[in-house]
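Each protein sequence line maps, in turn, to chains V, W and S.
In this note's numbering, each number is its position in the first sequence, counted from 1, plus 22.
In this note's numbering, each number is its position in the second sequence, counted from 1, plus 15.
In this note's numbering, each number is its position in the third sequence, counted from 1, plus 66.
Even glycine gets a Cβ: it sits at the ideal position worked out from N, Cα and C.
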Amino acid sequence: MSLRPQMFIASYTAGPIWGRGTGDLPRFRRSIPGVGDEAELVRQQTEALLRQYEAQDKSATGEEVAPMWLEDTYAYCMQSRDAEALDVMFRHINTLLCEDQFSKCNDLLRAIDLQRLDTHLMIGLLSITLAASSILPFRSQLVSNIESRLRKLAPDRVERLLNGLR
Amino acid sequence: MTRAVFEAEMAFASQPLVAAIVICRAGDNLHSGLLYLDTNSAVRVLHLGWQDRLYNSWGWPRLWAAPDVEPERLASVAALCRLIWEDYEAKKKFPYGLKFLQTSFSPNGQLLLGPGAKGLTCATFVLAVFNSFGIQIVNESDWPVRQDEDRRFLDRMRPHMDPGHFALLEAEISEGCRRIRPEEVVGACSCHLPALFVPSREAGDEVIRLLDAGPRPA
Amino acid sequence: MSMLASQQMSSPPRQIYPRPPIVEAVISFRFATSISGHDLSEALSSLLASQYPAPPKQKRNIAIEIGSDPLDASARSLSPTIFLRSADGLRLVGCSDNSLSVHVLAPYPGWERFIEQAHEAVNALPDNIRTGGVSMVGIRYIDRITLPTADSAFRDFLQITPITPIGMPSTIAGFHCSLQSADPDDGTIILLTIANTIVAESNLPAIVYDLALQRNYGTSLDLHGTSWATDIDILHIKLRDIFEASITDRTRELFK
């Protein structure tokens, strides 16, 4: 019997161990790092499988992957290069909206990690999605989440920042 | 909020705001546009100009003012200007957020007004960009109908416009539309938003006085 | 009594194995306040110098962009992670942008010593970071279960190996499975990855069992109190319960 790791994907979402069944599962980015050899093995295998997966027709699985351009946005933001971060975000979100990919855009709004955005980017996100607010169901929750963040980051300016964007 | 100031007196790039409204006198006309920084921190002006085309450069002296909004809002407007220009150059169309204008551009870059579209002037283009991001510069319902003055303004613009666009604007004036003028848009920047007509008009008169006087010598 | 606390009380007694299969354990935090990995490492390295005297190591983080063609890929460098290291290299503290991770490598020192390591790291954080709190805490345990013989069947040691359909040989040659779920009651997100591998030294088959649990907070959790440690403790109990439910008695024999 061959014991080389001949990989295939068995990737699916399951209900929770405890409690009732879930509806819409939140996105789980692999955000807990590992340093050992086995962590590296898992990472390499996952990446190799993702490359195969990305090459397939995603519509067959109905699963969306958080786009890599988001990492560019986060990275620019971290370096205080807000103009570049906004450009990346605006360009991609505008493309989704112009192509009527509202469901995908809505999934994107769920996937965005607000902890990794500063006030410029959060306001930019609400601005670029304002015109489509009636067809992006998650946007109202996003407004609420951003408002919570702004109350910590800029408590004296929340209303002026969000005026016209709700 | 900022009062209008000449570029020669305060360079736009020397202060922290990244988007503003700019105005100049071009012959008998007043012309306005959006002043913003590109990602290389170069100063650009996006405006609807000659023959209903979009331009990203400005050859006239600049008198500019920034509306009374938070810096983050202006940063978004600047990014939108960059996107508008990028889409205009590449695809000759407005970004999604300006869909309400119901306009696009011909292959040679000239404005095409769709069915039901309102006419665009340089000033209303500026307002539309801010409006698309939830920033209402003026309270349009407070503006009076000024048909005679508007017709005179339109007559001066006629040589620079597509005949179809001119006809649309003329019809709107006849229907009693409230037209906001470039100096009033810049004047609104020194008011609390959305600005009302009276203070915007007063500030607009001051803008005209400044334009006529020119920048103060250094 | 809260659901979480009642679960804690109803969980079976903790199994402590003489030879646990744990090859790496991680406790992870994401901060609500921004701090670069570099500044974080600078702040911690002076306060934790005696615990982590070895020269720090830097690990590049890369964002991979993959096009529709598998060959069409590009990579961008993100800010690196700086690891403070113990003298023997088996305990580490990872400092990334807005994140802290505490690692132990085999041999696993036991939960009490591991959580104490996390306490030390948290206590050494700059005060503004502790005050700002965390938006996420998580734990990740990676186990390597080495099977006793070259022809050992995975199914004898893991309750959750994939089921082969009729017509496909039942002997599994290789697998890589990821399962993700979320607890609707407390929002805990669980990611389990199992895969097979071969132990290089012995050429024996092994199962990599990688289980991570994370808890996200809508409003941040202050790091001055002990709530974070309580939540991590609860995650640890859940993790342990899931692991015990995944293995067989034959597996437990391997850990004795």
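Under 8 Å Cβ to Cβ from ALA153/S, same chain only, skipping five residues before and after it: list those, please.
PRO119 and ALA120
Could you tell me whether the Cβ atoms of MET111/V and ILE168/V are closer together than 8 Å?
no
Exposed or buried, what is PRO271/S when buried is set at 16 or more other beta-carbons lying within 10 Å of its beta-carbon?
buried
Could you tell me which uninterrupted beta strand (DSSP E) segments, each at least 3 residues in length, are contained entirely in the stretch 117–178 of chain V, listed from first to last along the chain?
none
Going residue by residue through the stretch 58–101 of chain W, where are the continuous beta strand (DSSP E) segments of at least 3 residues, counting only ones entirely within it?
58–64, 68–70 and 78–80
Beta-carbon proximity list for ILE82/S, same chain, < 7 Å, skipping 5 on both sides:
none
Distance between LEU113/S and ARG77/W (C-alpha atoms, nearest Å)
55 Å
My guess is that ILE38/W and LEU49/W are in contact by the Cβ rule of under 8 Å, so how many angstroms apart are they, rounded?
That pair is no contact at about 11 Å.
Who are the neighbours of ILE208/S on chain V, taking C-beta pairs under 8 Å?
GLY56, GLY58, GLU60, ALA61 and VAL64
Kindly indicate which three-state DSSP category LYS108/W falls into: helix, strand or coil?
coil
Considering only C-alpha positions, which residue in the set TYR98/V, LEU172/V and ARG182/V is nearest to ILE150/W?
ARG182/V
Within 10 angstroms of its Cβ, does THR147/S collect 16 or more other Cβ (buried), or is it exposed?
buried
Return helix, strand or coil for PHE309/S, following the three-state DSSP convention.
helix
Taking 8 Å as the threshold (beta carbon to beta carbon), is GLU131/S in contact with chain V?
For GLU131/S, the pLDDT reaches just 48, beneath the cut-off of 50, and the residue's location in the model is therefore unreliable, although a value from the coordinates is still provided. It does: the Cβ of GLU131/S has a partner Cβ on chain V nearer than 8 Å.
From what residue to what residue does the beta strand (DSSP E) around TYR275/S run?
271–287
Taking any Cβ of chain V, which residues in the stretch 233–250 of chain S have a Cβ under 8 Å from it, in chain order?
THR237, ALA239, GLY240, PHE241, HIS242, CYS243, SER244, LEU245, GLN246, SER247, ALA248, ASP249 and PRO250
Would you list the one or two residues that DSSP bridges to LEU191/S?
None, per the DSSP bridge assignment.
Sequence-distant residues of the same chain with beta carbon closer than 7 Å to ILE211/S, five excluded per side:
PRO87, PHE223, ALA272, ILE273, TYR275, THR317 and LEU320
Please classify PHE120/W: does DSSP put it in a helix, a strand, or coil?
strand
Close-in-space but distant-in-sequence residues of the same chain around CYS137/W (CB under 8 Å, 5 per side omitted):
HIS46, SER47, GLY48, HIS62, LEU63, GLY64 and PRO197
Residue(s) in a DSSP beta bridge with VAL201/W
Partner(s): none; VAL201/W has no beta bridge.
Are any of the Cβ atoms in chain V nearer than 8 Å to that of THR147/S?
yes
When we look at the beta-carbon of PHE115/W and count the other beta-carbons within 10 Å, is it buried (16 or more) or exposed?
exposed
Within the continuous beta strand (DSSP E) that includes GLU190/W, where are the two ends?
No beta strand (DSSP E) contains GLU190/W, which DSSP labels as neither H nor E.
Of all the residues that make up the stretch 100–122 of chain V, which are near chain W by a beta-carbon distance shorter than 7 Å?
ASP104, ALA105, GLU106, LEU108, ASP109, PHE112, ARG113, ASN116, LEU119 and CYS120
Tell me the rounded alpha-carbon separation between ASN123/W and MET172/W.
21 Å
Between ILE209/V and ALA278/S, which are expected to be in contact by the criterion C-beta below 8 Å, what is the C-beta distance as a whole number of angstroms?
Outside the modelled stretch of chain V, which goes from 23 to 188, sits residue 209/V, for which no answer is possible.
Chain W within 8 Å of PRO48/V, Cβ atoms only
Bear in mind that the predicted position of PRO48/V carries a pLDDT of just 37, short of 50, making it too unreliable to give a figure here.
Could you tell me the alpha carbon to alpha carbon distance between ASP242/W and LEU135/W, rounded to whole angstroms?
Past the boundaries of the shown model lies residue 242/W; chain W is included only from 16 to 233, so the question cannot be answered.
Alpha-carbon to alpha-carbon, ASP129/V and MET90/V
14 Å
Interface partners of HIS169/S on chain V, CB under 7 Å:
VAL57
Please list the partners that ASN164/S has in chain C, where partner means a Cβ-to-Cβ separation under 9 Å.
Looking for chain C here will not work: the only protein chains present are V, W and S.
Partner residues on chain V for THR259/S, Cβ-Cβ distance less than 8 Å:
VAL64 and THR68
Residues near THR99/S in its chain [Cβ-Cβ closer than 7 Å; skip 5 each side]
ASN194, ILE195 and GLY198
Given that LYS114/W touches chain V, what residues does it touch there, using C-beta distances under 8 Å?
ALA153
Option nearest ILE188/W by Cα separation, candidates MET176/W, VAL160/W and PRO214/W:
VAL160/W
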